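Peer 1: Sequence positions in the sequence shown follow this note's numbering and run 62 to 310.
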Amino acid sequence: MSTTLDARTGARLAGEQKERYVRSMFDRIAAPYDRLNSRISFGRDARWRKLLVERSGAASGKQVVDLGTGTGELALLFAHIVGTEGRVTGVDLSANMLEQAEQKRAAEGLVQLEFRLGNACATELPSASADVVAMGWCLRNCSDLQAALHEVLRILKPGGTFVCLDMSRPSFAPVRGLFFLHRHLVMPLQARLSGADREAYRYLACSTDHFPDRKALEHVVRTVGFAHVESWPLMMGAVALHRATKRTH
Ligand SMILES: C[S@@+](CC[C@H](N)C(=O)[O-])C[C@H]1O[C@@H](n2cnc3c(N)ncnc32)[C@H](O)[C@@H]1O
Numbered sequence: 062m063s064t065t066l067d068a069r070t071g072a073r074l075a076g077e078q079k080e081r082y083v084r085s086m087f088d089r090i091a092a093p094y095d096r097l098n099s100r101i102s103f104g105r106d107a108r109w110r111k112l113l114v115e116r117s118g119a120a121s122g123k124q125v126v127d128l129g130t131g132t133g134e135l136a137l138l139f140a141h142i143v144g145t146e147g148r149v150t151g152v153d154l155s156a157n158m159l160e161q162a163e164q165k166r167a168a169e170g171l172v173q174l175e176f177r178l179g180n181a182c183a184t185e186l187p188s189a190s191a192d193v194v195a196m197g198w199c200l201r202n203c204s205d206l207q208a209a210l211h212e213v214l215r216i217l218k219p220g221g222t223f224v225c226l227d228m229s230r231p232s233f234a235p236v237r238g239l240f241f242l243h244r245h246l247v248m249p250l251q252a253r254l255s256g257a258d259r260e261a262y263r264y265l266a267c268s269t270d271h272f273p274d275r276k277a278l279e280h281v282v283r284t285v286g287f288a289h290v291e292s293w294p295l296m297m298g299a300v301a302l303h304r305a306t307k308r309t310h
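Next comes the structure, spelled out in structure tokens:
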């Protein structure tokens, strides 16, 4: 399946159809992804990733898994923190995104970092093996939100930390409306003027519309079985950072 499928339909797909749609889209935008992401976030994405890493509690010697690692930006940050005593595994559906990530890893010679093709909903990683599981803008793209969260719980060691950054919707209605207009009118116009992938921009807008907002996602994460669920609004609530812990008993 190609991403010629309407983005509104793509954002509502489930199961393997959604995986194929998402993989095809990210395979196509892998080369300009870092530039697009920076433009969409008004240059703030790097700062948000640093915040996620800080709040994760990752430290030297820890085992970290980055699901939906993409071009590896989060995984690289984690790799510097865990050092050669630790291990970072980046998992992604898209071979082209991983190719970009691997180039960065090789350029920095980070032996503690590896990338694997895989699905965040069923990773084949060992159970109870990670101190930290991170997701940067991946959960919204997963074909099954609950399955992905259950997989995070399975991979985490008891007491381990889940940290997740994703698009969200501000709680204050006028601001929520402004961001809706920005997603659905300004961003497609920007995409058209800059020659960027318009379908990917439309998918971002539609998938954000259908994804639980910050408080609703907190509820889902709690319902799946995590403890100490917290979240922080970023960019007036257009982005959210969640943190949760796997129970020790
Ligand atoms: C918006 S990008 C984010 C990349 C990176 N985490 C970052 O911070 O920029 C989302 C990534 O998640 C990947 N992805 C989406 N669904 C996935 C799934 N079910 N399993 C693994 N990777 C997935 C996509 O291929 C893409 O590379």
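Note that CB positions come from ideal geometry on N, CA and C, so glycine has one too. Small disclaimer: the values here were computed from a predicted structure and weren't measured.
Looking at C-beta atoms only, is the number of pairs between the stretch 223-232 and the stretch 296-307 that lie closer than 8 Å three or more?
Peer 2: With the cut-off at 8 Å, the stretch 223-232 and the stretch 296-307 touch.
Peer 1: Who are the Cβ neighbours of Q173 in its own chain at under 7 Å, not counting the five residues just before and after it?
Peer 2: If we look at Q173 and ignore the five residues flanking it on each side, its Cβ neighbours are A140, V143, G144, T145, G147, R148, V149.
Peer 1: Quick one, which of T269, V126, Y82, R283 has its alpha-carbon nearest D67's?
Peer 2: Taking only the C-alpha atoms, the option nearest D67 is Y82.
Peer 1: CB L171 to CB L137, shorter than 8 Å?
Peer 2: Their beta carbons are under 8 Å apart, which means L171 touches L137 by this criterion.
Peer 1: Just grab the DSSP bridge partners of D299 for me.
Peer 2: Contrary to the premise, residue 299 reads as Ala rather than Asp in this sequence. Bridge partners of A299: none, in fact.
Peer 1: Spatial neighbours of A72 within its chain, please: C-beta separation below 8 Å, excluding the five flanking residues on both sides.
Peer 2: Excluding positions up to five away in sequence, the list reads Y264, C267, S268, D270, H271.
Peer 1: Check whether the Cβ of E80 sits closer than 7 Å to any heavy atom of ligand 1, and report yes or no.
Peer 2: Under cutoff, so the answer is yes.
Peer 1: Assuming D127 contacts A195 under a Cβ cut-off of 8 Å, what Cβ separation, rounded to an integer in Å, is found between them?
Peer 2: Rounded, the Cβ-Cβ distance is 5 Å, consistent with contact.
Peer 1: Only counting the same chain, and skipping five residues up and downstream in sequence, which positions put a Cβ closer than 7 Å to that of R259?
Peer 2: P249, A252, R253, listed in sequence order.
Peer 1: Can you find the residues in the same chain that come closer than 7 Å, C-beta to C-beta, to L322, ignoring five residues on each side of it along the sequence?
Peer 2: Residue 322 lies beyond the stretch modelled for the chain, which goes from 62 to 310, so this question has no answer here.
Peer 1: Quick check: the stretch 211-224 against the stretch 96-106, are there 3 or more CB pairs under 8 Å?
Peer 2: Short answer: they don't touch.
Peer 1: Would you call R108 buried or exposed, if buried means 16 or more other Cβ atoms sit within 10 Å of its Cβ?
Peer 2: So R108 ends up on the exposed side.
Peer 1: Does the beta carbon of V152 fall short of 7 Å from some heavy atom of ligand 1?
Peer 2: V152 Cβ: within cutoff of ligand 1.
Peer 1: Drop a sphere of 10 angstroms on the beta-carbon of R201, count the other beta-carbons inside from all chains shown, and report buried for 16 or more, exposed for fewer.
Peer 2: So R201 counts as buried.
Peer 1: State yes or no: is the C-beta of K165 within less than 8 Å of the C-beta of G133?
Peer 2: Yes, they are a contact pair.
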